[in-house]
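Okay, so the sequence shown: first residue is 34 according to the working numbering, each after it adds one. Where is the CB? At the ideal position from N, CA and C, for every residue including glycine. The structure presented is a predicted model; accordingly, all values stated were derived computationally and were not measured. Have a look at the structure below before the remarks.
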Amino acid sequence: MKILALSDQVVESIYSAEVRERFADVDLLLSCGDLPYSYLEYVVTMLGVPAFYVHGNHDQPEDLGRGELLTGPRGWVNLDGRTARVGAVLLAGLEGALRYKPNAPFQYSEAEMRWKVARLLPALLLNRLRYGRYLDILVTHAPPLGIHNDLDLPHRGFAVFRWLMERFRPRYLLHGHKHVYKPQTTRTRYRETLVVNVYPFAVLEL
Ligand SMILES: [Zn+2]
């Protein structure tokens with residue numbers, strides 16, 4: 034299975050007709066957030082494959098005119114706080130970033146994110162019973178604490194994501210949120226998981 038993952042910044046060559054040829058063999062689309070919904074809708078329309086996303090902290094409703102508000106990309110499934118299976122691949126998602134403003138959407142304290150993870154556990158345990166493993170790909174917006182993150186509050190990762198990797202051993206954790214402007218590590222192995230900073234896009238073959 035070939036996966037195209039997107040995050041944080043529009044890529045001109047993907048937001049163009051050439052995406053159809055360049056990514057003709059992609060089977061699955063994933064988005065780690067902070068992207069215009071119109072961009073995501075364009076890509077899923079061009080490629081016509083299953084697509085799952087989580088929200089980033091900068092996501093906001095887009096005005097379609099006539100008082101209509103778009104709260105997520107059409108043609109994409111919101112993966113936040115749930116699991117999904119595509120072919121043989123087991124997915125789960127957790128949206129948002131570490132809280133730095135009170136009451137802002139798609140921001141969570143560490144305790145709030147721990148609670149979101151707790152609510153995900155029954156579905157992971159069910160996967161284990163059904164398929165012999167908990168999870169293949171965890172899709173998040175924020176990175177794990179200490180991996181690809183910064184120490185300032187808005188860009189610090191979640192500690193509970195490290196616990197998730199230790200306990201449930203996904204093959205991949207895909208995240209965005211952290212823009213990369215100079216040569217930097219964007220793929221880091223943590224235990225049995227390859228942590229990938231998707232910004233602005235990444236291709237995976239499973
Ligand atoms: Zn972000």
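Might you give, ordered along the chain, the residues of its own chain that have their beta carbon closer than 7 angstroms to the beta carbon of residue i, omitting 5 neighbours on each side?
i                : result
glycine 37       : Looking at the sequence shown, residue 37 is not glycine but leucine. Contacts found: Phe56, Val59, Leu62, Phe234 and Val236.
phenylalanine 85 : Leu63, Trp109, Val110, Leu112, Ala117, Leu124, Gly126 and Val172
alanine 192      : Glu143 and Leu178
isoleucine 180   : Gly190, Thr221, Tyr223 and Val228
Assuming contact is defined by CB atoms lying nearer than 7 angstroms, are residue i and residue j in contact in what I supplied?
i             : j              : result
arginine 202  : glutamate 225  : yes
valine 122    : methionine 34  : yes
histidine 174 : valine 87      : yes
glycine 120   : valine 77      : no
glycine 126   : aspartate 113  : yes
leucine 178   : glycine 190    : yes
leucine 102   : tyrosine 70    : no
serine 40     : valine 213     : no
glycine 66    : glycine 165    : no
glutamine 140 : asparagine 182 : no
lysine 211    : proline 187    : no
aspartate 169 : arginine 195   : no
Please indicate yes or no: does the CB of residue i lie closer than 6 angstroms to some heavy atom of ligand 1?
i             : result
aspartate 67  : yes
alanine 130   : yes
histidine 212 : no
glycine 89    : yes
Should residue i be labelled buried (16 or more other beta-carbon atoms within 10 Å of its own) or exposed?
i              : result
aspartate 92   : buried
arginine 132   : buried
asparagine 136 : exposed
glutamate 128  : buried
leucine 184    : exposed
arginine 200   : exposed
arginine 99    : exposed
arginine 152   : exposed
alanine 130    : buried
leucine 154    : exposed
leucine 197    : buried
Name the DSSP bridge partner or partners of residue i?
i             : result
aspartate 113 : Gly126
threonine 173 : Leu127
glycine 220   : According to the sequence displayed, residue 220 carries arginine and not glycine. Per DSSP, Val229.
isoleucine 36 : Leu61 and Leu237
valine 119    : Val122
glutamate 101 : Gly98
leucine 206   : Leu171 and Val228
Got a sec? Which residues, its chain only, sit under 8 angstroms from residue i by beta carbon, not counting five neighbours each side?
i            : result
arginine 53  : Met79 and Leu80
arginine 115 : Ala125, Gly126, Leu153 and Ala156
leucine 97   : Leu103
Using a Cβ-Cβ cut-off of 6 angstroms (strictly less than) and excluding sequence neighbours within five positions of residue i, which residues of its own chain qualify?
i              : result
glutamate 95   : Tyr70 and Leu103
tyrosine 72    : Val43 and Tyr48
tyrosine 167   : Leu157, Asn160, Arg161 and Phe201
methionine 146 : Phe191 and Val193
serine 46      : none
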